[in-house]
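Residues in the sequence shown are numbered from 14 upward in steps of one, following this note's numbering. In this text, a Cβ means the ideal position worked out from N, Cα and C, and glycines have one as well. The structure displayed is predicted, hence computed values, not measured ones. Contents: one structure, followed by commentary.
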Amino acid sequence: MSNKRGVRTGFIFLLAITLVLISGIHVQQTIAGDLAPGMVDTAKYKKKAPWLAGRAGLGDTNAWMTMFGLHFKYGVEEKYAKDFKGFKVTSCFWNPVQQIADIEGLVAQGVDVLFVDPASEGALVGAVEEAYDMGVPVVLASTGVNTDKYTTWISRDNIKAGFVYAKWMGKKLNGKGNVVVLMGIAGSSYAEDVLRGVKQGLSAFPDIKILEIAYCDWSPVKAKETMEVFIQSNPQIDGIIADGGQMAYGAVEALLDAGKKIPPITADDWNGWLRMAKEHDIDFLAESGGNPLSLTAVDLAVKILRGEPVPKKVEYPVVTFEKDQLDKYYRPDLTDQYFAVNELPEAWVKKHYLKK
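Written out as structure tokens, the structure is:
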């Protein structure tokens with residue numbers, strides 16, 4: 014219970030920031046009555062509840078996406094249960110062509126609001142613009158799309174996340190050493206933005222060399238296989254920048270199998286990683302992955318359908334913590350697939366993550 018209280022208490026401030034952003038509907042307006050800069054007039058979307066929501070999603074492809082989906086589900090089916098009459102969800106499994114068809118299908122079914130967690134920034138432009146032009150409010154969650162024809166978009170600042178990883182690593186290595194970098198899916202704006210931030214951050218440490226960069230699809234298996242190759246070709250690895258706990262987990266497995274010392278490493282708040290970090294006394298920096306942002310997406314959708322102004326872009330806050338705060342976030346009573354920084358009620362957490 015103390016872990017839960019600590020995480021939730023520490024998260025109150027960050028939630029307040031988000032609520033200020035999405036509830037900043039009482040912002041000052043100009044004398045002419047126009048909305049403040051960055052706010053979207055949603056009066057044309059106002060309609061009486063209950064509403065039908067649709068999500069053109071990526072699918073539960075890993076633990077992060079599963080909890081991301083649970084936050085959507087909690088928002089629509091419990092938090093705002095009286096406001097929604099249904100929730101239609103599709104899964105494209107990172108196939109943009111399928112997701113385009115999913116968007117068209119959901120619009121044809123008459124959804125009142127469309128959530129999209131995009132598989133591609135470029136390929137979905139036409140489908141998203143068409144839905145928007147047909148009068149359907151479009152809420153982008155996590156990844157963006159290369160158009161302004163959406164209603165609101167919520168995401169982490171992934172460039173900043175990569176920069177924070179790099180800055181921490183630079184300080185840990187006293188500005189000198191060799192690192193390898195493990196990113197998510199090649200070509201995804203999420204992974205590419207994190208990598209961009211990593212490179213920007215490491216530019217302040219000219220004596221830190223990036224030995225290798227690999228895309229491991231946020232998979233522990235692929236990260237382990239990749240790290241095994243890196244170990245063979247690079248005798249001196251002083252640090253590992255991994256964009257996620259599952260990849261960090263796989264990398265450490267490879268190091269342990271090879272009998273190598275575990276260097277400083279970056280990760281996220283995945284419970285499986287936190288367990289490994291505790292068991293092996295690993296020096297790490299974790300940044301929350303941000304999967305609860307889908308619940309904020311639902312909050313935004315409710316405001317839109319009530320005709321209340323919303324920001325065009327919302328930055329979801331990130332929690333960072335290190336080894337000394339591990340016991341505050343690690344939940345040994347829950348499965349590896351749990352993420353420590355979340356906005357699910359404890360009943361939902363135990364229903365989906367309690368060890369059997």
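The beta carbons of D54 and P322 sit about 6 Å from each other, so the pair counts as a contact at 8 Å.
In this structure, E134 sits near N159, with a CB-CB distance shorter than 8 Å. Annotated three-state conformation of P109 is helix, per DSSP. The beta carbons of E356 and V331 sit no closer together than 8 Å. Remark: C-beta atoms of A62 and F128 do not approach each other more closely than 8 Å. Shown here, A62 sits in coil according to DSSP, grouped into three states, outside any helix or strand.
Check the Cα spacing between M147 and each of S168, S155 and A121: the tightest is with A121. The Cβ atoms of V152 and A310 sit closer than 8 Å to each other. The alpha carbon of K173 has as its nearest neighbour, out of D346, D206 and I226, the alpha carbon of D206. Membership of E328 in the beta strand (DSSP E) is indicated by the continuous run K326 to E328.
Check the Cα spacing between Y163 and each of K86, L313 and K98: the tightest is with L313. Uninterrupted beta strand (DSSP E) stretches at least 3 residues long and entirely within the region 284-364 occur at 297-300, 326-328 and 333-335, given in chain order.
Where D206 is concerned, there is no enclosing beta strand (DSSP E), although the alpha helix (DSSP H) around it starts and stops at S202 to L215. Three or more beta-carbon pairs separated by less than 8 Å are not found between the region 282-289 and the region 98-112, which leaves the two stretches without contact. For the set Y87, G70 and F81, the Cα lying nearest the Cα of N108 is the one of G70. Remark: C-beta atoms of D256 and M182 do not approach each other more closely than 8 Å. Note that the C-beta distance between K86 and L318 is not below 8 Å.
For K180, DSSP assigns no beta-bridge partner whatsoever.
The three-state secondary structure of S168, taken from DSSP, is strand. With fewer than 16 other CB atoms across the displayed protein chains lying within 10 angstroms of its CB, F106 is exposed. Pairing L83 with P277, the inter-Cα distance amounts to about 32 Å. Residue pairing for E225: DSSP places it in a beta bridge opposite V193.
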